[in-house]
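Chains as they are written, first to last, in my numbering: chain A, 5 to 554; chain B, 142 to 503.
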């Protein structure tokens, strides 16, 4: 189809602008890059840097208020300003996409088999039987177990990782010369992420496709990329080989980005302050089991079994596990949002196993929680000032002018401008919203803070600043903290102790060094091994070690 | 010296906090919504129009509520009554074609080939037997607005409360409330209306409206319930609970404002639907009875005379449409005001301008 030396994708002088409220806002400025067959180019940048716009702009998939100029050549054919019919023919056949959220990118009404067959039959003259055979072949190629049966499964019947595999199978249907993967693993657990990355690498070797990888995760980049393009505010910051970027970054922004990536074992041991040692625990979970009650014909589901953990004043305990391991359930039960069926929960010496409404109200003065999704945990109809002030108002601590003053103090303490109090959550960025979440959780100066994946929706540099802020506040206010996360590197920075969960059970608990350096349990080792490190060489060694141990 | 310095610092401090506090002055949710509503031009225009219509309608004929001892009676400024025949006036305002009773209202000024702006004795004309039509239409509009307000208030109130409670508490409460709603829903509206109209139509319009209102809430209740079912799973509800909010506060302060969009949209449909329901019932002869009138009754009475005296059709029709349109626009404005994510669409003009700009070589 194409000559051997011609790049599959050639982008030059590529610009994207969006028309918003009477002004053109540039999303990508003067981009120049190309991707050879069998190579991976990673575009790295924080959210809002324009990387997804580029991916969509390549194939003219942008909203109607965008304009594109410059040149995009796929196998030497110009795509900017091309006819709709040519674009449609190219999409899917020569250029295929993998999106971030496999649940929303797959149509829930059709089986994955149907959706793959659809792609096949749109582009090729193919009979239904033939297409089905090919689809099953593709499904087995992406290593979904039991391809024949999976062909007839609906997206909701598959796990997140399998869905992403199905997505990949669909995009590979026509042997595309170029695969555009937009944050393909962001929604997945580390272990699943590692598998998907392996899969993408294998496919690249097998099919010799060019891959344009778009991600914010330096670990993923280190694992896959041959070339890297660092972006900021629509501009190319740096463009070079993987080795150049990781080992000899030239621009300060690239260095900053690399520095913001949390690395395992890079922080000194955090010691508990001596004056806090030996105090009774703030939170005590004793053989706790939690069930979601049965609903109609759906039987009760035991999310957490026989879980014991103690958190002492001034201590940060990281609770780590994959999605579905029950870590959020533990967090919610710990502040009385979920009832327990067995065991005992004590907060500041009070038993809240079977709490009355009165007891619950009392313990809420001692507890705060930061939720995972800052977009959903703030009431969109309330200005953030009211959200922050609510615990103060309801506990009767402050009213009127006093309340205003306290809200302003809280905004100051999380380093947000006071004028933000009248803004609505949607007017704030993700990082700012999460700061609001912290301010609200700390409004009553609680002795226990539950942080439920507070950084999973944030960029690395924003995450780094958020973790700094949390540490500073914790040093100042000395609250105990249960930090729930799937990211081992984050708990590595923050926590004094780490607890690892799997399938609702506690696997291992110990100090940070015990868990990260000398894990005893197989599961913990696997979890640590799957975390990609932002260093291509080290990552290659880790990867080989992981694959060898399989 | 030190003293002076200190004082200047403190005043400048004060000034700064003054400016800052002005900027940070905590506007409550309501103030922000009102501000945004006022900015919505179509809604404000409709609100003004609706208020003008209501004021004219109620002051022109005055208000007569109740019977016997509890009669409240405020006279209006319009000289004619709905039971007063004025044959001379009807003859005086006959049109060119010899049709009697056509409108004396003329809004076309002389330079547009008109006779100049004048109202005349019977601006809306008279009906077939010579009753002033302005009086009839005003009386009809009074009835229709009353029906709209009573049905709307009752329907929205009951629907929201039933839906909110069912959606928030779920379980057995939900099941019972929804089965009751089903019971109400399966009965055809027109049959209920006919029965109610037959039974209560002659008591006047208020009892009829109340009964209609008691059968108008089901659709809204379902919508509100669905909205609550999704909203109560959101994390901000948990966040409010952790902050110590009671069920009542969570329902009314946290979830309800988020469901207001659906309530307003369905509510305005309910309001305009109420006008149309009353019109339909009166048209069928179950609603308001002669000698009293409503807009629907007027239309049904004079449907035959559309060919000869079309104004008998126009005026009540125009009024029904204007009231319903105004209500819908106000609902639109309210929804925009309540939705902080509401963004202005890119207008065609802007888009054209953008295209022109984009053709400039970059």
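Cβ atoms here follow ideal geometry from the backbone N, Cα and C, with glycine treated the same way.
Note that the C-beta distance between residue 75 of chain A and residue 17 of chain A is below 8 angstroms. Rounded to whole angstroms, the separation of the alpha carbons of residue 484 of chain A and residue 474 of chain A is 12 angstroms. Contacts between residue 379 of chain B and chain A, judged by CB atoms closer than 8 angstroms, involve 336, 341, 373, 375 and 381 in chain order.
By the Cβ neighbour-count rule, residue 19 of chain A is buried, with 16 or more other Cβ atoms within 10 Å of its own. Between residue 232 of chain A and residue 487 of chain A a beta carbon distance of about 31 angstroms is seen, past the 8 angstroms cut, so the two are scored as non-contacting. Each of B:440, B:383, B:400 and B:421 was checked against the Cα of residue 367 of chain A, and the nearest Cα belongs to B:383. About 4 angstroms separates the beta carbons of residue 177 of chain B and residue 478 of chain B, which is inside the 8 angstroms limit, making them a contact pair.
Residue 35 of chain A: member of the beta strand (DSSP E) spanning 27-39, first to last residue.
Excluding residues up to 5 positions away in sequence, 124 lie with their Cβ nearer than 7 angstroms to the Cβ of residue 138 of chain A in the same chain. The Cβ-Cβ distance between residue 438 of chain A and residue 462 of chain A falls below 8 angstroms.
Cβ atoms of residue 222 of chain A and residue 55 of chain A stay farther apart than 8 angstroms, at about 14 angstroms. If you compare the alpha carbons of B:414, B:444, B:305 and B:476 with that of residue 390 of chain B, the shortest gap goes to B:305. Beta-carbon to beta-carbon, residue 363 of chain A and residue 354 of chain A are separated by about 7 angstroms, close enough to satisfy the 8 angstroms threshold. Residues of chain B whose Cβ lies closer than 9 angstroms to the Cβ of residue 398 of chain A are, in chain order, 381, 384, 385, 386, 387 and 390. Taking residue 292 of chain A as the centre and dropping the five residues before and after it, the same chain places the C-beta of 308, 310, 311, 312, 334, 337, 344, 346, 347, 348 and 349 closer than 8 angstroms to its C-beta, in chain order.
Residue 501 of chain A: not part of any alpha helix (DSSP H); member of the beta strand (DSSP E) spanning 501-506, first to last residue. Among the residues of the stretch 393-426 of chain B, those with a Cβ less than 7 angstroms away from any Cβ of chain A are 395, 398 and 399, in the order of the chain.
For residue 23 of chain A, DSSP records a beta bridge to A:28. Assignment of residue 239 of chain A by DSSP, reduced to helix, strand and coil, places it in the strand class. In the three-state reduction of the DSSP assignment, residue 245 of chain A falls in the strand class.
Between residue 156 of chain A and residue 108 of chain A, the C-beta gap is not smaller than 8 angstroms, which leaves the two residues out of contact. According to the DSSP assignment, residue 80 of chain A belongs to no alpha helix (DSSP H), since it is labelled neither H nor E.
For the stretch 460-478 of chain B, the beta-carbon criterion of a distance under 7 angstroms to any beta-carbon of chain A is satisfied by none of its residues.
Within 7 angstroms of the CB of residue 375 of chain B, the CB atoms of chain A belong to 380, in sequence order along the chain.
DSSP places residue 218 of chain A within a strand segment (E or B) once states are collapsed to three. It is roughly 17 angstroms from the alpha-carbon of residue 502 of chain A to the alpha-carbon of residue 327 of chain A. The shortest C-alpha to C-alpha distance from residue 39 of chain A to any of A:369, A:318 and A:78 is the one to A:78. At a cut-off of 8 angstroms, the C-beta of residue 394 of chain A has a neighbouring C-beta in chain B. For the 8 angstroms CB-CB criterion, residue 173 of chain A and residue 120 of chain A form a contact. Nearest to residue 281 of chain B by C-alpha distance, out of B:298, B:204 and B:475, is B:204. Minimum Cα-Cα distance from residue 452 of chain A among the listed residues A:524, A:477 and A:515 corresponds to A:477. Exposure of residue 344 of chain B is indicated by the presence of fewer than 16 other C-beta atoms within 10 angstroms of its C-beta. Within chain B, the residues whose beta carbon sits less than 8 angstroms from that of residue 365 of chain A are 385, listed in sequence order.
Under the Cβ distance rule, residue 384 of chain A counts among the residues neighbouring chain B, one pair being separated by less than 8 angstroms. Beta-carbon to beta-carbon, residue 352 of chain B and residue 337 of chain B are separated by about 4 angstroms, close enough to satisfy the 8 angstroms threshold. Taking the CA atoms as reference points, residue 404 of chain B sits about 42 angstroms from residue 62 of chain A.
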